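Input: a single structure, listed below in C-alpha cells.
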Amino acid sequence: MPARDYIRERFFPHMWCPGCGHGIVLNGLVHAIENIGLKKNDIVMVSGIGCSSRIAGYMDFHTLHTIHGRALAFAIGVKMSRPDLTLLVPMGDGDALSIGGNHFIHACRRNIDMTAIVMNNRVYGMTGGQYSPLSGHGTMATTAPYTNIDQAFDIVSMATAAGATFVARATAYHVQQLPNILEEAIRHKGFSVVEVMTPCPTYFGRKNKEGSAVNMMDNLKTRTTPIGSKAKQENPSLIERGVFVKKELPEYCAEYQRIVEQAMKGK
Amino acid sequence: MGGELRFVQGNEACVEGAMYAGLDFFAGYPITPSTEIAELLASRLPLKGGKFLQMEDEIASICAIIGASLTGNKVMTATSGPGFSLMQEGLGYAIMAEIPCVIVDVQRGGPSTGLPTKVSQGDVNQARWGVHGDHAIVALTASNHQDVFSITVDAFNFSETYRTPVILLFDEVIGHMRERLKIPEPGEIPLVERLKTSVKEGVDYHPYLQREDGRLPMSDFGGVHRYNVTGLFHDMWGFPSEKPSVVHELMRHLVDKIDHHVDKMARYREYFIEDAEMLLISYGSSARSALHMVTDRRQHGERVGLLELQTLWPFPAAVVREKTRNARYVVVVEMNMGQMLQPVKAAVEKPERVFLANRVDGVLITPADILNILRLIQGKGV
Chain R
280 MPARDYIRER FFPHMWCPGC GHGIVLNGLV HAIENIGLKK NDIVMVSGIG CSSRIAGYMD
340 FHTLHTIHGR ALAFAIGVKM SRPDLTLLVP MGDGDALSIG GNHFIHACRR NIDMTAIVMN
400 NRVYGMTGGQ YSPLSGHGTM ATTAPYTNID QAFDIVSMAT AAGATFVARA TAYHVQQLPN
460 ILEEAIRHKG FSVVEVMTPC PTYFGRKNKE GSAVNMMDNL KTRTTPIGSK AKQENPSLIE
520 RGVFVKKELP EYCAEYQRIV EQAMKGK
Chain Z
234 MGGELRFVQG NEACVEGAMY AGLDFFAGYP ITPSTEIAEL LASRLPLKGG KFLQMEDEIA
294 SICAIIGASL TGNKVMTATS GPGFSLMQEG LGYAIMAEIP CVIVDVQRGG PSTGLPTKVS
354 QGDVNQARWG VHGDHAIVAL TASNHQDVFS ITVDAFNFSE TYRTPVILLF DEVIGHMRER
414 LKIPEPGEIP LVERLKTSVK EGVDYHPYLQ REDGRLPMSD FGGVHRYNVT GLFHDMWGFP
474 SEKPSVVHEL MRHLVDKIDH HVDKMARYRE YFIEDAEMLL ISYGSSARSA LHMVTDRRQH
534 GERVGLLELQ TLWPFPAAVV REKTRNARYV VVVEMNMGQM LQPVKAAVEK PERVFLANRV
594 DGVLITPADI LNILRLIQGK GV
C-alpha cells in the first residue's frame, strides 16, 4: 500500500512546525506497519496531549486522543478487552515521563503487549517551550530563563529498570534504522518502548542555540552512536542507539486469560 | 442466581446489580470504604470471561474503563472521595467523548484523607461540579440494599441510553451495613444494551452525528469503522474543531441530552407525603433515619412525611416542587453542610420554609437528632 493510504489526507496539512521531527516518526511508523503487513482495522493508536499526540489524528487507524499523560492507561483498557488488536501509543517526553510517569513505569512492569513510542524533543512544545524532564541540567527554557537545574531522566534506563521487555532508542535522523526498530518493537510480544530523539528547532533549538533545523538534525548524527561502538568507548558522552533490551516474559493479556480459564474450571 | 435470598453488604449489593446489568470490565484502586467492590469483582468477573484490573491509581482506573467501554463493554470503577477527586479528569473526558461508564463513590468524611472509615455525604457537589467546564451529570443513590441493586442496574441503563458516565453516590453506612437482598430473576429488571450503528463496513460512519432523538449509535472501537475520539471539542467525525457553531452545538447537546430527560431519570420514594405538614427530604443512609423517625411520629399522630431522593443529579426540581407544595416546613436531612439544601431551596415555592437537619461528625444522623431539630423548627425546644 502506498504511504498515503495510511494517513487521513483530509486533515492535512499537519500542525507541526517546519523542521519538527514528529513527521519523520509518522513516516517511520507507516513503513514499519507496511513491512509487517498489518491491516488498518487491526491497529489502535492511543495518544495523550502535546505536539506528538496529534499524530493519532493524522493516521487512518482506530485513533484515541486522550488526556495529558494517560494514554497508556486508556490503551490498557482497550488492549485488555481486545487482545487481538495491535496497540501503538505515541507520546511526548513530558507526556510520557512527567505527568504520565507513573502510568509509564507500571505499564512497563505489567508487560502488556503494546508499543510505546516516546518522541523525545526535550521540551514542552505545544505550550511554548518550557523545560521537560528530558531537557537536562544546564539547558534553557521559557521556565528556566537563567538555567535548568533539573537532571534529566534516561528513558532507556528507566524503561529497563521498570521491566519493559523491549527497549530501544532511535533518532529522527537515522531514517533507515527508525522503521526497522519500530517494526521489531511492534512484532515483540510484550511491552515495547522506543525512544525517538526528535528535534524541536522552534523551541528547544532556539532557546539552546542549536542553530537551524538542519543543524539539529546533524547533531542527532554526531551526538549518537550504535550500541557498543568503538566511538562510544572513545567518547562516553555519545548517546547510544539501537535495541538495548529484548527478552521474553509472560504477557499480561495471555496471563489474564489463564486466570479466566482457572476461574471457569473451578466453577 | 435469580430469586436467591442473600444477606449482604451494600457494596456487595452493588456488585450483584452490576453483574445483573451485564458488567464486563472493572478497573480500580483500593480505597476504604469501597474496596469490597473491587475484591468481589476480582473473583466474580473471570467466571464469566470478564476482566478485572487493579491499576496504579484512580486516574488510570477510570482511563482504563473508558478504553474498555469504547470497544463495546459495560464497565465500572469504584472508589471513595479522595479517589473520586483523582477521577475527575477522566470523568470529564467520558462526558466530552460520550462514553458510557459507571463510577461508584462510596462516600467517607472529607476533605482530604478525612475520615476514611466514617460516613459522610460530602461528595454530592463534587459529583455535580468536580469536573471543570460546563456539563450535565447523572448521580444516583439509594438507602437500602434492594434499592442499591436496582439503582445500580438503572445506572448502567442510563449510561447506555444517554452515552454518559453515571455516578453511584453511596456512603459508608450503606456500603458496609448488612441486610437482606433478593436477587431479581433474569428479565425482571429490563436492561438497556448499547445502541449500535447500522452503517455498513466501507460506508462513511460519523461517530458523533446524532439521530433525531439526540442519541448516538456507536460502532465498537477496533471494529469495522475507523474513527477518532478526543476530549477536544469535535465535529461529527470526532475530529478536533474550534469552529464556534460546532463548539456551541456540542455544548448544548452534552447538556440537553441529560437536562431534557430529568423526568425519565427521576427516581424517588415517598412516605406519608399526602397530608404532611412537616416534609423531610433525604437520601442514602440518612434517609433510613428519616424514615424511622417519620414512621415513629406517625404513630403519635404527627403529620410528618418523607421524600427520599434516589436521583440527585440531574436534580428533580419539578418533583420536589410538587411534593413540597402542601408542606408547612421542609427539612433536608443530610450528612454534609447542606449540599442538597441549596437545590431544594431553589426548587420550592417558599425557600424560607426550608431547613437543614445535618450531622458532620462521621456518625450516622439518628432519628432522635432529626426529631430534636424538628422541635426547634416548631419552636417547641428540645
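Just so you know, the protein sequences line up as chains R and Z, in that order.
Taken in order, the first sequence gives residues 280 to 546; the numbers are from our numbering.
Taken in order, the second sequence gives residues 234 to 615; the numbers are from our numbering.
Idealized CB from N, CA, C, for every residue including glycine.
Values in this document were obtained by computation on a predicted structure and should not be read as measured data.
With its beta carbon less than 8 Å from one in chain R, A301(Z) belongs to the interface. Between the alpha carbons of A386(R) and G236(Z) lies a gap of roughly 42 Å. The DSSP-derived three-state label of C334(Z) is strand. Inter-residue distance for E482(Z) and L465(Z) is about 14 Å (C-alpha atoms, whole angstroms).
Comparing alpha carbon positions, the residue from Y516(Z), L238(Z), L512(Z), P549(Z) closest to R531(Z) is L512(Z). If you draw a straight line from the Cα of F523(R) to the Cα of L461(R), it is about 13 Å long. By the beta-carbon neighbour count (other beta carbons within 10 angstroms, threshold 16), M370(R) is buried. For V323(R), the neighbours in chain Z by C-beta distance under 8 Å run, in chain order, F454, G455. Put simply, the backbone Cα of A271(Z) is about 29 Å away from that of G456(Z).
Taking a contact to require three or more Cβ pairs closer than 8 Å, the segment 541-553 of chain Z and the segment 483-500 of chain Z qualify as touching. Counting C-beta atoms within 10 angstroms of its own C-beta, G471(Z) has 16 or more neighbours from the protein chains shown and is therefore classed as buried. Within chain Z, the residues R459 have their CB atoms less than 9 Å from the CB of F340(R), given in chain order.
Chain-ordered, the chain R residues with CB closer than 8 Å to the CB of P473(Z) read G336, H344.
Taken through DSSP and simplified to helix, strand or coil, M498(Z) comes out as helix. When secondary structure is reduced to three states using DSSP, P477(Z) falls in the helix class.
When Cβ-Cβ separations below 8 Å define contact, P584(Z) makes no contact with chain R. Within chain Z, no residue has its beta carbon less than 9 Å from that of A441(R); the closest one is some 11 Å off. In the pairwise beta carbon analysis, the segment 302-312 of chain Z is classified as not touching the segment 365-379 of chain Z: fewer than three pairs are separated by under 8 Å.
One thing to note: V368(R) has its Cβ within 8 Å of the Cβ of V325(R).
Segment contact: the segment 265-283 of chain Z against the segment 328-339 of chain R, fewer than three CB-CB distances shorter than 8 Å; contact not assigned.
Using a Cβ distance threshold of 8 Å, P315(Z) and T346(Z) count as a contacting pair. One finds F472 in chain Z with Cβ atoms closer than 7 Å to the Cβ of F290(R), taken in chain order.
For a Cβ distance threshold of 7 Å, residue set E289 of chain Z lies close to H385(R), ordered along the chain. Taking 7 Å as the upper bound on Cβ-Cβ separation, chain R lies near no residue of the segment 418-447 of chain Z. Secondary structure at W362(Z): helix, using DSSP grouped into helix, strand and coil. Shortest Cα-Cα distance from A282(R) to any of R289(R), P292(R), L308(R) involves L308(R). DSSP links G538(Z) through a beta bridge to L512(Z).
The contact set of L364(R) on chain Z, defined by CB atoms closer than 7 Å, consists of G455 in chain order.
Chain R has no Cβ within less than 8 Å of the Cβ of V364(Z).
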